[in-house]
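Residue numbers (the numbering used here), protein chains in the order written: chain Z, 130 to 363; chain P, 130 to 363; chain X, 130 to 363; chain F, 130 to 363; chain A, 130 to 363; chain C, 130 to 363. Beneath this line is the structure, given in structure tokens, with notes to follow.
6 protein chains.
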Amino acid sequence: MRIMVINPNSSQEMTQSIREVLEGVKRSDTELTVVRTMGAPPAIQSASDIAQAVPPMLELVGKANDEGYDAVILACFSDPGLEAAREQSDILVMGIEETTLHVAAMLGHKYTILTPLSKRIPSKEQDVRRFKAESAMASVRALDLTVTETEANPSRTKARILEVATRAVKEDGAEVIVLGCAGMTGYANGVEQQLGVVVLDPTTVTLKVCEGLIDIDLRHCKRALYAKVTHKDA
Amino acid sequence: MRIMVINPNSSQEMTQSIREVLEGVKRSDTELTVVRTMGAPPAIQSASDIAQAVPPMLELVGKANDEGYDAVILACFSDPGLEAAREQSDILVMGIEETTLHVAAMLGHKYTILTPLSKRIPSKEQDVRRFKAESAMASVRALDLTVTETEANPSRTKARILEVATRAVKEDGAEVIVLGCAGMTGYANGVEQQLGVVVLDPTTVTLKVCEGLIDIDLRHCKRALYAKVTHKDA
Amino acid sequence: MRIMVINPNSSQEMTQSIREVLEGVKRSDTELTVVRTMGAPPAIQSASDIAQAVPPMLELVGKANDEGYDAVILACFSDPGLEAAREQSDILVMGIEETTLHVAAMLGHKYTILTPLSKRIPSKEQDVRRFKAESAMASVRALDLTVTETEANPSRTKARILEVATRAVKEDGAEVIVLGCAGMTGYANGVEQQLGVVVLDPTTVTLKVCEGLIDIDLRHCKRALYAKVTHKDA
Amino acid sequence: MRIMVINPNSSQEMTQSIREVLEGVKRSDTELTVVRTMGAPPAIQSASDIAQAVPPMLELVGKANDEGYDAVILACFSDPGLEAAREQSDILVMGIEETTLHVAAMLGHKYTILTPLSKRIPSKEQDVRRFKAESAMASVRALDLTVTETEANPSRTKARILEVATRAVKEDGAEVIVLGCAGMTGYANGVEQQLGVVVLDPTTVTLKVCEGLIDIDLRHCKRALYAKVTHKDA
Amino acid sequence: MRIMVINPNSSQEMTQSIREVLEGVKRSDTELTVVRTMGAPPAIQSASDIAQAVPPMLELVGKANDEGYDAVILACFSDPGLEAAREQSDILVMGIEETTLHVAAMLGHKYTILTPLSKRIPSKEQDVRRFKAESAMASVRALDLTVTETEANPSRTKARILEVATRAVKEDGAEVIVLGCAGMTGYANGVEQQLGVVVLDPTTVTLKVCEGLIDIDLRHCKRALYAKVTHKDA
Amino acid sequence: MRIMVINPNSSQEMTQSIREVLEGVKRSDTELTVVRTMGAPPAIQSASDIAQAVPPMLELVGKANDEGYDAVILACFSDPGLEAAREQSDILVMGIEETTLHVAAMLGHKYTILTPLSKRIPSKEQDVRRFKAESAMASVRALDLTVTETEANPSRTKARILEVATRAVKEDGAEVIVLGCAGMTGYANGVEQQLGVVVLDPTTVTLKVCEGLIDIDLRHCKRALYAKVTHKDA
């Protein structure tokens with residue numbers, strides 16, 4: 130099977146990092162194309178960034194359809210433009226936030242999303258409602274580290290993830306921790322072992338669910354929410 | 130006070146129609162600039178249309194800020210890009226869907242949104258959750274008329290609005306009917322009189338609430354959900 | 130337009146204070162009559178106070194209808210008797226709690242209500258559900274100051290409001306602070322500036338929304354929830 | 130034990146009817162005083178009726194406290210003034226609506242409330258939220274008969290109750306039917322047998338729960354929601 | 130009336146303790162048979178324990194039906210097998226958790242469940258949803274004492290209950306405390322007096338409600354949720 | 130990888146049918162052991178059936194752990210004993226109802242569960258809450274066919290599924306149809322094509338997600354909800 134993984138930002142580095150992680154977990158019969166979105170901002174950190182990123186990203190979705198891919202994965206933990214992408218796509222489109230929240234809901238009582246900046250907590254809470262996953266949410270908590278800081282000092286980042294996850298477990302009752310940002314990839318093990326909870330890396334989780342759904346030819350419903358509305362309908 | 134009303138689509142006709150309606154209800158001390166969004170689709174009927182419309186619309190929001198307007202109203206009943214617009218704006222930005230749903234919640238037990246096409250019902254239900262107004266929602270119902278049909282045959286449109294609103298009142302317990310599309314403007318009176326319910330025209334309602342909030346210098350909070358995230362934050 | 134603002138308690142002082150605040154923000158074409166409710170308790174601090182206040186308050190609502198007012202505002206942050214007032218009134222009746230909660234829901238992610246006494250927190254939470262505004266509620270928090278203490282020591286009151294609002298923002302994620310008591314009027318600015326959130330004075334907000342709704346002749350629906358049930362119906 | 134049952138309206142006939150029903154189901158060690166509320170309307174059919182009824186009703190609550198009763202039951206299916214009554218009472222106060230909704234929630238999947246007039250459906254839905262019993266609600270449905278009609282033609286009333294309850298069971302999934310009005314007393318048996326569901330008479334149910342709670346000396350919490358707020362607190 | 134109280138575990142000691150408590154509060158016309166469940170684990174502390182306990186417990190339910198009892202009470206605060214017991218029973222079956230949560234909802238704003246071990250908090254939260262009582266829940270809090278420790282050191286247990294209940298009241302707004310485990314029986318008074326809240330012993334509360342419902346011949350609905358599905362239905 | 134698929138009933142025929150379906154969709158590197166539960170009822174149609182089935186089923190779960198399987202799938206659309214199975218298992222345990230509801234939530238706006246008998250609708254609604262998937266539920270609808278009838282007359286069954294699914298789509302807004310019973314396997318295609326919605330076969334969907342999660346070594350959290358509580362904890 131052939132899956133196009135679209136990084137909705139333009140960062141070559143982050144795209145390469147996603148590629149490496151996914152190449153390590155993909156099935157042998159899976160062929161991945163991991164692309165960045167030229168014309169999008171270098172990182173997606175706001176609704177404004179999303180607004181800029183979506184139009185060029187949709188062109189990549191169209192390309193994946195034209196070139197016979199089996200599915201598209203949007204690899205940014207805010208699922209930018211997921212609804213539009215599904216409208217424009219006859220092949221399966223999966224968002225890493227939506228998928229991960231529902232897998233999280235299956236693996237423990239409640240989940241906590243870790244996000245880099247506290248000012249993004251409300252938009253994550255909005256996304257939880259957007260994906261109808263609020264009944265299983267324990268909390269959204271912030272690391273209070275910028276992406277740059279996250280990358281600059283791995284040992285501090287690791288310590289900070291453990292500290293915030295510990296609070297999520299102790300104070301909010303979380304049993305599943307969702308690493309809600311690419312910059313947190315790779316720090317899961319310590320948390321799992323020290324806290325005895327499940328830690329999810331969204332890109333990885335989504336690829337594995339996506340491979341399974343492709344096997345049985347599932348895709349999103351095109352009847353209404355993701356219908357293609359042509360201007361003849363108007 | 131000076132308010133820029135942005136029609137997020139590129140239709141000159143619809144923009145003129147909004148202008149006429151609002152000129153008729155604005156306060157004498159309100160100066161309106163009603164603009165269309167060049168580069169946006171001629172109508173907003175899907176998430177894909179929204180994706181296209183938002184980037185040029187945001188430029189108009191920036192212009193309203195630069196030119197000293199007091200507020201911006203986004204005049205499309207899906208509040209496209211409301212979150213991004215608020216991030217980019219220091220002046221008040223109001224969306225006609227969000228505002229109308231909350232006014233509807235005040236004026237009767239529950240409200241029903243009328244929307245042209247049944248395939249858009251799910252996205253309206255998603256918006257109701259996006260604006261945290263689900264506890265007062267009775268239903269979303271469709272006219273099953275395209276915008277073109279709506280405009281082509283006013284008497285059929287009027288009859289159809291009355292018919293669907295009647296069902297909303299009788300079967301769903303609606304006490305407030307929200308006319309969820311520009312094409313329905315002007316048909317409110319018959320429904321109000323025949324059914325004894327409140328009928329809201331979103332653009333009109335929003336202008337009046339907006340004028341009031343400007344008087345007391347209220348604007349949206351810029352702390353988190355609508356914070357401007359600069360790339361230094363990253 | 131002519132609006133009767135009814136203070137549901139009998140305090141002359143509080144009525145005068147409401148009058149002064151509203152005279153300062155009303156439109157020039159608005160004529161206000163601010164009245165107290167003779168026969169009501171001097172302050173409304175419990176369901177028992179409400180029970181006593183409502184019957185004489187309803188007479189004032191009837192008077193406003195008889196004398197050709199355009200609307201009535203109930204100026205107590207528990208909206209005592211709002212449902213009965215709307216039943217008895219053909220003109221628009223607005224409550225300052227209901228209106229403010231819905232405006233709060235529009236201006237930020239979530240709101241916190243400040244109330245004087247912690248023993249009133251549950252009744253505020255009940256009101257939030259009564260007005261179907263619970264999805265946007267962050268919390269209700271108390272100053273733990275009596276109204277008398279609030280008035281006796283303005284600098285302590287100011288400090289206390291800032292302290293409690295700070296916790297609401299930091300711990301509950303509030304982006305909008307609702308000053309849920311007449312005694313808190315006038316302390317908004319410090320909070321707004323220091324915390325970067327929106328602070329709402331309910332009486333002021335409600336007057337401005339009310340003026341707007343009168344302009345377009347909106348009133349509450351009289352079909353069911355606020356229907357006048359005559360004993361012939363029995 | 131001594132229980133004062135307060136009919137919050139002034140109807141002698143309805144009071145006598147309540148007395149007869151309760152005398153038939155009370156325990157032998159229970160002494161009932163069933164009183165009507167002089168000064169209240171002859172029937173409680175609106176928020177306005179409630180406003181009028183509550184002040185004289187509260188005096189009866191005070192009397193029950195003074196005269197050493199063990200509990201008070203408010204015998205009107207809208208629990209008028211329940212919160213104020215509890216504030217003013219050191220002895221247990223129970224409302225027949227609140228009690229019955231929670232018993233209904235225990236005896237089947239979901240319950241439907243039958244109410245006489247369709248225009249009262251919204252206020253019943255509000256009560257369901259007031260008593261935090263919405264998760265077990267199937268629906269509120271109306272007989273579309275006035276109280277007078279209900280009493281004038283028993284066979285039509287019986288037929289109508291069966292018809293509406295049948296729809297509640299078939300269309301809404303109700304397993305428990307709550308007879309939400311004194312005029313429906315006595316029609317339960319047919320519905321139970323024909324539909325195989327539980328039918329609750331609120332006054333009866335409440336008396337039996339009340340007797341049980343008195344035995345173990347339970348009463349409502351006076352800490353906050355039902356605290357007595359004195360004006361020294363102000 | 131004759132009620133069979135089934136302790137779903139096999140502990141003779143706990144069964145005797147339940148018997149003593151209930152004998153002290155039962156009506157004089159109530160005949161109690163309090164039995165333990167041979168073949169069940171000595172304590173019910175997990176879903177696995179429930180799985181083992183339910184089959185032999187159901188035999189006791191069958192016996193109660195065969196021997197002409199009026200009702201069965203399942204006396205373990207997780208209501209193990211309540212749904213199956215109701216399917217198999219024509220007489221009323223009550224669970225002490227379900228009953229107590231709904232009584233708790235009537236007696237104050239919100240309730241907190243105390244449970245021995247923090248690892249059981251999620252399953253209590255699940256039960257709250259199972260019984261549709263989540264709108265009145267303040268929290269579930271753990272003593273962090275094993276049942277053995279609870280029994281070994283009564284003064285520490287008492288102190289711990291008071292400490293945790295105090296936090297529930299202060300931090301979560303609880304007005305009713307539910308003692309969610311047999312080992313907590315007998316410690317209610319101190320909490321009631323020191324905190325001014327209601328404290329419920331589930332077994333006691335349920336017996337009293339059960340006696341009342343038997344008086345008026347109420348039982349659970351057998352139409353769907355608790356229907357007996359025979360294999361002919363298949 | 131090795132997965133044990135446990136059919137929680139004792140039917141050899143149904144077990145064989147599950148085996149055939151899954152052999153057709155499994156990955157080539159997946160080794161399936163599909164077993165029935167000796168000692169369980171021949172079909173699971175009630176809480177009583179579940180009570181009987183779970184103890185022997187748990188022994189199979191233990192065996193899967195002992196024999197080095199990678200995961201267990203419980204193949205009955207009520208996920209009987211899922212919580213107990215997870216307590217007793219160190220390897221991943223998945224239930225086909227929980228998994229399918231969350232996949233359904235990802236693939237369209239709302240889902241409808243089809244169940245054979247209308248008397249099982251409430252227990253399905255309870256399950257939806259048990260799995261915290263209620264925000265994406267459109268409805269539960271019954272075929273009103275017994276399992277025997279379902280199997281006896283395939284063309285009638287097919288017609289009935291199409292008819293009920295059509296109503297779910299038209300009246301409830303479903304975009305995903307969940308075939309909530311083994312007897313419905315194999316009828317998906319017609320519905321998908323005629324209605325333009327997604328149809329899910331729970332056993333198939335769960336196997337594919339399970340294979341993916343095994344690849345990345347995910348399992349359920351053992352911290353609290355699914356913790357192994359030993360009697361030393363007591």
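By construction, the Cβ of each residue, glycine as well, lies at the ideal position given by its N, Cα and C atoms.
Are the C-beta atoms of residue i and some chain C residue less than 7 Å apart?
{"i": "residue 354 of chain A", "result": "yes"}
Starting from the beta carbon of residue i, find every residue of chain F whose beta carbon is closer than 7 Å, and list them in chain order.
{"i": "residue 325 of chain P", "result": "Residues of chain F passing the Cβ test: none, with the nearest at roughly 10 Å."}
Quick one: using the 10 Å Cβ neighbour count with 16 as the cut-off for buried, is residue i buried or exposed?
{"i": "residue 170 of chain F", "result": "buried"}
{"i": "residue 152 of chain A", "result": "exposed"}
{"i": "residue 312 of chain A", "result": "buried"}
{"i": "residue 283 of chain X", "result": "exposed"}
{"i": "residue 136 of chain Z", "result": "buried"}
{"i": "residue 351 of chain P", "result": "buried"}
Got a sec: is the Cβ-Cβ distance from residue i to anything in chain A below 7 Å?
{"i": "residue 340 of chain F", "result": "yes"}
{"i": "residue 137 of chain C", "result": "no"}
What does a CB cutoff of less than 6 Å around residue i pick up in its chain, not counting 5 residues either side in sequence?
{"i": "residue 148 of chain Z", "result": "163"}
{"i": "residue 154 of chain Z", "result": "333"}
{"i": "residue 133 of chain X", "result": "162, 193, 198 and 201"}
{"i": "residue 215 of chain C", "result": "222, 349 and 355"}
{"i": "residue 305 of chain A", "result": "233, 236, 237, 240 and 327"}
{"i": "residue 257 of chain X", "result": "263 and 266"}
Can you pull the chain A neighbours of residue i, defined as C-beta to C-beta under 9 Å?
{"i": "residue 242 of chain X", "result": "Here the premise fails: no neighbours, minimum Cβ distance about 14 Å."}
{"i": "residue 250 of chain X", "result": "238 and 302"}
Hey, does residue i have any beta-carbon neighbour from chain Z nearer than 7 Å?
{"i": "residue 174 of chain P", "result": "yes"}
{"i": "residue 314 of chain C", "result": "no"}
{"i": "residue 265 of chain C", "result": "yes"}
{"i": "residue 433 of chain C", "result": "Past the boundaries of the shown model lies residue 433 of chain C; chain C is included only from 130 to 363, so the question cannot be answered."}
Distance cutoff 7 Å, beta carbons only. Does residue i sit that close to anything in chain F?
{"i": "residue 349 of chain P", "result": "no"}
Kindly indicate the opening and closing residues of the alpha helix (DSSP H) around residue i.
{"i": "residue 173 of chain C", "result": "It is not in any alpha helix (DSSP H) - residue 173 of chain C carries neither H nor E in the DSSP assignment."}
{"i": "residue 257 of chain P", "result": "250 to 259"}
{"i": "residue 318 of chain F", "result": "317 to 324"}
Give the residues of chain C in contact with residue i, contact being defined as C-beta atoms less than 8 Å apart.
{"i": "residue 210 of chain A", "result": "176 and 180"}
State yes or no: is the beta carbon of residue i nearer than 7 Å to at least one beta carbon in chain X?
{"i": "residue 141 of chain F", "result": "no"}
Counting only Cβ pairs nearer than 9 Å, list the residues of chain P close to residue i.
{"i": "residue 259 of chain Z", "result": "255, 258 and 259"}
Considering only residues of the same chain and omitting the five flanking positions on each side of residue i, which have a CB-CB separation below 7 Å?
{"i": "residue 167 of chain P", "result": "139 and 185"}
{"i": "residue 244 of chain Z", "result": "250, 253, 269, 271, 309 and 310"}
Identify the contact partners of residue i in chain X, using a Cβ-Cβ distance below 7 Å as the criterion.
{"i": "residue 337 of chain P", "result": "341, 342, 344 and 345"}
I need the boundaries of the beta strand (DSSP E) containing residue i, first residue and last residue.
{"i": "residue 220 of chain Z", "result": "No beta strand (DSSP E) contains residue 220 of chain Z, which DSSP labels as neither H nor E."}
{"i": "residue 343 of chain Z", "result": "Where residue 343 of chain Z is concerned, there is no enclosing beta strand (DSSP E), although the alpha helix (DSSP H) it sits in stretches over 331 to 344."}
What residues of chain P sit near residue i, judged by a beta carbon separation below 7 Å?
{"i": "residue 235 of chain X", "result": "227, 228 and 231"}
Flag residue i as yes if its beta-carbon sits less than 7 Å from any beta-carbon of chain P, otherwise no.
{"i": "residue 216 of chain Z", "result": "yes"}
Near residue i, which residues of its chain fall below 8 Å by C-beta distance, leaving aside the five closest residues on each side in sequence?
{"i": "residue 225 of chain P", "result": "202, 203, 204, 205, 206, 208, 331, 332, 334 and 335"}
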